[in-house]
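Q: From first to last, the protein sequence lines are chains C and H. Numbered as in my numbering, the first sequence ends at 343 without a single skipped number. Numbered as in my numbering, the second sequence ends at 686 without a single skipped number. Have a look at the structure that comes next, please.
Number of protein chains: 2
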Amino acid sequence: MASISDVAKLAGVSTATVSRVVSAAPYAVSPATRERVLDAARTLDYVPNALARGLHKSHIPVVGVIVHDITDPYFSELVRGVEDAATPAGSLVITCSSDRVAEREESYVRLLRSMRASTLIFASSGLDEPIVNAAIRRHVTAMREYGAAVVHLSPHADGHADVGVDNEAGVASMVVALAELGHRHIAFLAGPTSLFVARQRLAGYRRGLVEAGLAYDDRLVVSTPFDQEGGALAIDTLLGGAAPFTAVGAANDLLALGALERLAIRGRRVPDDVSVAGFDDIQTARMATPPLSTVRLPLYDIGRRAFAAAERQRSGETLEPEVLPTAVVLRASTAPPADGLAG
Amino acid sequence: MASISDVAKLAGVSTATVSRVVSAAPYAVSPATRERVLDAARTLDYVPNALARGLHKSHIPVVGVIVHDITDPYFSELVRGVEDAATPAGSLVITCSSDRVAEREESYVRLLRSMRASTLIFASSGLDEPIVNAAIRRHVTAMREYGAAVVHLSPHADGHADVGVDNEAGVASMVVALAELGHRHIAFLAGPTSLFVARQRLAGYRRGLVEAGLAYDDRLVVSTPFDQEGGALAIDTLLGGAAPFTAVGAANDLLALGALERLAIRGRRVPDDVSVAGFDDIQTARMATPPLSTVRLPLYDIGRRAFAAAERQRSGETLEPEVLPTAVVLRASTAPPADGLAG
DNA sequence: CGTAGGATAGTAAACGGTTACTGGTCCCGC
DNA sequence: GCGGGACCAGTAACCGTTTACTATCCTACG
Chain C
1 MASISDVAKL AGVSTATVSR VVSAAPYAVS PATRERVLDA ARTLDYVPNA
51 LARGLHKSHI PVVGVIVHDI TDPYFSELVR GVEDAATPAG SLVITCSSDR
101 VAEREESYVR LLRSMRASTL IFASSGLDEP IVNAAIRRHV TAMREYGAAV
151 VHLSPHADGH ADVGVDNEAG VASMVVALAE LGHRHIAFLA GPTSLFVARQ
201 RLAGYRRGLV EAGLAYDDRL VVSTPFDQEG GALAIDTLLG GAAPFTAVGA
251 ANDLLALGAL ERLAIRGRRV PDDVSVAGFD DIQTARMATP PLSTVRLPLY
301 DIGRRAFAAA ERQRSGETLE PEVLPTAVVL RASTAPPADG LAG
Chain H
344 MASISDVAKL AGVSTATVSR VVSAAPYAVS PATRERVLDA ARTLDYVPNA
394 LARGLHKSHI PVVGVIVHDI TDPYFSELVR GVEDAATPAG SLVITCSSDR
444 VAEREESYVR LLRSMRASTL IFASSGLDEP IVNAAIRRHV TAMREYGAAV
494 VHLSPHADGH ADVGVDNEAG VASMVVALAE LGHRHIAFLA GPTSLFVARQ
544 RLAGYRRGLV EAGLAYDDRL VVSTPFDQEG GALAIDTLLG GAAPFTAVGA
594 ANDLLALGAL ERLAIRGRRV PDDVSVAGFD DIQTARMATP PLSTVRLPLY
644 DIGRRAFAAA ERQRSGETLE PEVLPTAVVL RASTAPPADG LAG
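Here it is in structure tokens:
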């Protein structure tokens, strides 16, 4: 494979000149020379070595995104947003599915640090694991040192999101919407309490209750893993409990989707017997049965802005937290409550 | 940030020794020295520079996966499989959503080449674009030259898949299954004919028809983009056409999902009026309304094996094509036909 | 006792770019 | 006629590793 010196030789110039031409450096090169270099590069099918370039510049145009699971539509949409912003800038995107295990997250960040990624985006919520967090913090500091930008899309151990949404207000608005439909007993599938976002969303539930003038009943709150399985399990718990409810809100769509499925199995009609609402508005929410009422998060846009924020950060700006709007979208899974109670 | 020479200095040894210790080289280093080096590395929080290492080795442990869209569950599952195989080997995964546009694909491959990725996986079907293909072929050749492994998961311009499924047999088996339910007029949503896979699946449709002893009617075949939108459009076309049908098979699940949605809107009950079957068995197929009958592809496994195949290729083995099994899974979207015809 | 050879460690040359510095031309104006 | 600056190109140091080769020490064997 041709290297810069091959091109230089063929064009009859020094490698410095070739470098200046092919890397679009702000340096005057005469048109004739430029053409000769470009010609040589073309005939040799020359492609610059990004590793060599990166070694010199101490970072490489690669953005690493830490997600829980790329298979989760929430994250794939987000990553797609990042990618679409990164590509025009010549950056490649590495996705790291940490499955919410702190050690894997740390190992990914370490790997990203070792290859001098120029951007690190934490899309997943921070975890409460002091020791691992300390290790991650060390890596992040080191990365900043060599010029990497780091942006958070969720609240984390050391602060709030750089680009994100107001989770608390978002969930609250959904609870209020349910209350406005007439529901007075609203259960909540809270997700794992070890996650910062989950906690914010739970806080949103309580705030929504307050805003709607409803009482909090902790028998109506169930914590489970953040996936469909968890939603199904939570329904079992709720139906087995003593507290009646006519609606259930969920901390994310996957939970709500699992709930939908399990409610159908257990013979509860949605929305006739129980209303169900999710959070996130992932693509599949729309095609669920019935289509899921939820709170729309501009995931793709968050991804795009995350990359843009990183660029700004790299150019010296300090980041203002960006809070993007959420919107309640009511579809067929919610309706005014019937007379009876589901529980 | 500490470099290898900082560690060497602190440990009182040469960089060669440090390198031999931290890179687990097959070279004897005395236990005492080893400990001193490891200690120094720890206290300096030393992380080797993968770019420098890569520059020397002429490739870096990174696998690039070319997909159509990471947001499409088909690809995210596949990528997840790749990632889970790559991570234990210390490789990072770059996802490239080309949106089926050949130029973007070429540009991604070029980028991957420029950073000397050690593995390139084409997860998306090859496109029929001679000029761009020629460019891609040049990049691939160059990558092989520096030691990269290249594996295809779909048929492409230069041959068949290295790891994949028998698309033709898979679709044929679904058509036969529909015929066994009693359907004699089976429409087919073919996807874009410019895609090799789509063509194979269309061939499977015809073969299934033959196997079931049914006649081919080209009014029952509709080509559209490979997404939900396309499926919906295809239903409009079919319902507007003169040819009656009691079942529709689709070249992938997204198409079938779109069909489901549109059939509901147009007042056709599934499976009472029309049976619908997809292909791929993406995660959302299960949660559709009604749950979608489809052909299961071991996507995650294909991803894992793709990486394994790359490793073998890199170690000199020539690849035997691997054909993984598919399985018809009948859920609630298919049933024996009623008396009347839907069309 | 001399030395072959194993066990360790060090030296230095790549790998392929970028860029600070240096140098040569040429033109202009005084 | 000469100083000065614009313009363009080249030289070489450096980025952080790996590794072929060399050097040293020590042990064991003839």
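Don't be surprised by glycine CBs; every beta carbon is placed ideally from N, CA and C.
(1) Assign residue 193 of chain C to buried or exposed, taking buried as 16 or more other Cβ atoms, counted over all protein chains shown, within 10 Å of its Cβ.
(2) Output needed in chain order: residues of the segment 474-508 of chain H with a Cβ under 7 Å from some Cβ in chain C.
(3) Where does residue 462 of chain H fall in DSSP's three states?
(4) Measuring only between beta-carbons, confirm whether residue 238 of chain C sits less than 7 Å from chain H.
(5) State whether the segment 542-562 of chain H contacts the segment 515-529 of chain H, with contact taken as three or more CB pairs (one from each stretch) at a distance under 8 Å.
(6) Using beta-carbon positions only, say whether residue 151 of chain C and residue 310 of chain C come within less than 7 Å of one another.
(7) What residues from the segment 365-397 of chain H come within 8 Å of chain C, judged by C-beta to C-beta, listed N to C?
(8) At a cut-off of 6 Å, would you count residue 347 of chain H as near the ligand SAH, judging by its Cβ distance to the nearest heavy atom?
(9) Closest Cβ-Cβ distance between residue 422 of chain H and chain C: below 7 Å?
(10) Who are the Cβ neighbours of residue 668 of chain H in its own chain at under 8 Å, not counting the five residues just before and after it?
(11) Starting from residue 67 of chain C, trace the beta strand (DSSP E) both ways and give me its first and last residue.
(12) Please state if the CB of residue 532 of chain H and the CB of residue 570 of chain H are separated by a distance shorter than 7 Å.
(13) Spell out the partners DSSP gives residue 531 of chain H in its beta bridges.
(14) Between the alpha carbons of residue 441 of chain H and residue 464 of chain H, how many angstroms are there, rounded?
(15) If the cut is a Cβ gap below 8 Å, which residues of chain H does residue 114 of chain C touch?
(16) For the alpha helix (DSSP H) containing residue 210 of chain C, list its first residue and its last residue.
(17) Return the chain-ordered list of same chain residues with a C-beta closer than 8 Å to the C-beta of residue 357 of chain H, the five sequence neighbours on each side being excluded.
(18) Leaving out five residues on either side along the sequence, give the residues of the same chain with a beta carbon under 7 Å from the beta carbon of residue 586 of chain H.
(19) Using a Cβ-Cβ cut-off of 7 Å, state whether residue 194 of chain C counts as contacting chain H.
(20) Quick one: does residue 426 of chain H have its CB under 7 Å from some CB of chain C?
(21) Check residue 670 of chain H in the structure and name its three-state DSSP category.
(22) In the DSSP output, which residue or residues are listed as bridge partners for residue 619 of chain H?
(23) State the DSSP-derived secondary structure class of residue 362 of chain H, mapped to helix, strand or coil.
(24) Over the uninterrupted alpha helix (DSSP H) stretch that includes residue 397 of chain H, give me the two end residues.
(25) Tell me which residues of the segment 586-607 of chain H have at least one Cβ-Cβ distance to chain C shorter than 7 Å, keeping chain order.
(26) Using a Cβ-Cβ distance cut-off of 7 Å, determine whether residue 1 of chain C contacts chain H.
(27) Give every residue of the same chain whose Cβ lies closer than 7 Å to the Cβ of residue 666 of chain H, excluding the five residues on either side of it in the sequence, and list them in chain order.
(28) Nearest CA to the CA of residue 511 of chain H: which residue from H:502, H:647, H:622, H:483?
(29) Can you name the residues of chain H whose CB is closer than 7 Å to the CB of residue 93 of chain C?
(30) Strictly below 9 Å CB to CB, what residues from chain H border residue 334 of chain C?
(31) With 16 as the cutoff for other CB atoms within 10 Å, does residue 23 of chain C come out buried or exposed?
(32) Enumerate in chain order the residues of its own chain whose CB-to-CB distance from residue 302 of chain C is below 8 Å, with the five nearest sequence positions on each side excluded.
(33) Tell me the DSSP secondary structure of residue 636 of chain H in three-state form.
(34) Can you name the residues of chain H whose CB is closer than 9 Å to the CB of residue 110 of chain C?
(35) Less than 6 Å between C-beta atoms, sequence neighbours within five positions excluded: which residues of the same chain meet that for residue 361 of chain H?
(36) Taking the beta carbon of residue 370 of chain H as the centre, do at least 16 other beta carbons fall within 10 Å, making it buried, or is it exposed?
A: Here's the rundown:
(1) exposed
(2) 481, 485, 488, 489
(3) Strand.
(4) no
(5) yes
(6) yes
(7) 388, 390, 391, 392, 393, 394, 395, 397
(8) In terms of ligand content, the structure shown is empty, and the ligand SAH therefore cannot be addressed.
(9) True, the Cβ-Cβ gap to chain C drops below 7 Å.
(10) 508, 641
(11) 60-67
(12) no
(13) H:564, H:592
(14) 13 Å
(15) 390, 391, 392, 393
(16) 196-212
(17) 351
(18) 560, 562, 563, 686
(19) It does not; no Cβ of chain H falls within 7 Å.
(20) So yes, residue 426 of chain H belongs to the interface.
(21) Strand.
(22) H:591
(23) helix
(24) Segment 393-400, the alpha helix (DSSP H) holding residue 397 of chain H.
(25) 600, 604
(26) yes
(27) Cβ neighbours of residue 666 of chain H beyond the five flanking positions: 507, 508, 509.
(28) Comparing Cα positions, the closest option is H:622.
(29) Against chain H, the beta carbon of residue 93 of chain C has neighbours under 7 Å at 437, 438, listed in chain order.
(30) Result: empty, since nearest Cβ-Cβ is about 17 Å, beyond 9 Å.
(31) It counts as exposed.
(32) 78, 81, 153, 163, 164, 165, 324
(33) strand
(34) 390
(35) The beta carbon of residue 361 of chain H sits closer than 6 Å to the beta carbons of 347, 350, 351, 380 from its chain, once the five residues preceding and following it are set aside; these are given in chain order.
(36) exposed
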